[in-house]
Amino acid sequence: MTLIKQIMMRQAMLRIEIHFKGCINPLWSEWFAGLTSEPSGPDETVLFGQIADQAALYGLIARLRDLGLRLVSVHCEEMVIRTKPP
Numbered sequence: 738m739t740l741i742k743q744i745m746m747r748q749a750m751l752r753i754e755i756h757f758k759g760c761i762n763p764l765w766s767e768w769f770a771g772l773t774s775e776p777s778g779p780d781e782t783v784l785f786g787q788i789a790d791q792a793a794l795y796g797l798i799a800r801l802r803d804l805g806l807r808l809v810s811v812h813c814e815e816m817v818i819r820t821k822p823p
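My numbering puts the last residue of the sequence shown at 823; the count rises by one with no breaks.
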């Protein structure tokens with residue numbers, strides 16, 4: 738198998754978890770790229786799920802900033818999803 742085919746068979750996603758101060762309505766999930774939001778403590782919320790790349794992560798952080806919500810922590814882990822060759 739050629740290197741190009743091997744690269745095409747791998748698709749990277751990011752599993753993220755963002756903790757921030759404040760609360761948002763779970764119905765806002767669509768505005769946050771379909772991530773799940775849950776309370777994680779008194780006056781604290783966690784957004785978690787999978788996103789495409791670092792650019793999407795920075796976009797989510799910018800949206801939280803625009804809402805005036807203060808970040809507590811951001812955890813990001815790359816996941817490699819292997820696909821079958823065509």
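Note that CB positions come from ideal geometry on N, CA and C, so glycine has one too. Because the structure is a prediction, the values reported are computed rather than measured.
Whole angstroms are fine: how far does the CA of residue j sit from the CA of residue i?
i: residue 797; j: residue 811; result: 11 Å
i: residue 787; j: residue 757; result: 17 Å
i: residue 746; j: residue 773; result: Its pLDDT being 48, under 50, residue 746 is placed unreliably in this model, and the value from its coordinates should be taken loosely. Looking at the two C-alpha atoms, the distance is approximately 28 Å.
i: residue 817; j: residue 791; result: 14 Å
i: residue 801; j: residue 761; result: 10 Å
i: residue 777; j: residue 808; result: 13 Å
Just to confirm before moving on: does the CB-CB distance between residue i and residue j stay below 8 Å?
i: residue 813; j: residue 784; result: no
i: residue 782; j: residue 759; result: yes
Tell me the residue span of the alpha helix (DSSP H) that contains residue i.
i: residue 761; result: Here residue 761 belongs to no alpha helix (DSSP H), and DSSP marks it neither H nor E.
i: residue 784; result: Note, residue 784: premise wrong, no alpha helix (DSSP H); beta strand (DSSP E) at 781-788.
Whose C-alpha, out of the options, is nearest the C-alpha of residue i?
i: residue 770; options: 753, 815, 817; result: 753
i: residue 768; options: 803, 749, 776; result: 803
i: residue 755; options: 775, 779, 815; result: 775
Can you name the start and end residues of the beta strand (DSSP E) that residue i belongs to?
i: residue 796; result: That residue, residue 796, is in no beta strand (DSSP E); its alpha helix (DSSP H) goes 791-803.
i: residue 771; result: Residue 771 -> no beta strand (DSSP E), and no H or E assigned at all.
Give me the Cβ distance between residue i and residue j, rounded to the nearest whole Å; I'm assuming they're in contact under 8 Å.
i: residue 750; j: residue 789; result: 7 Å
Taking Cβ positions only, does residue i come closer than 8 Å to chain B?
i: residue 772; result: Absent from the structure is chain B; it holds one protein chain and no more.
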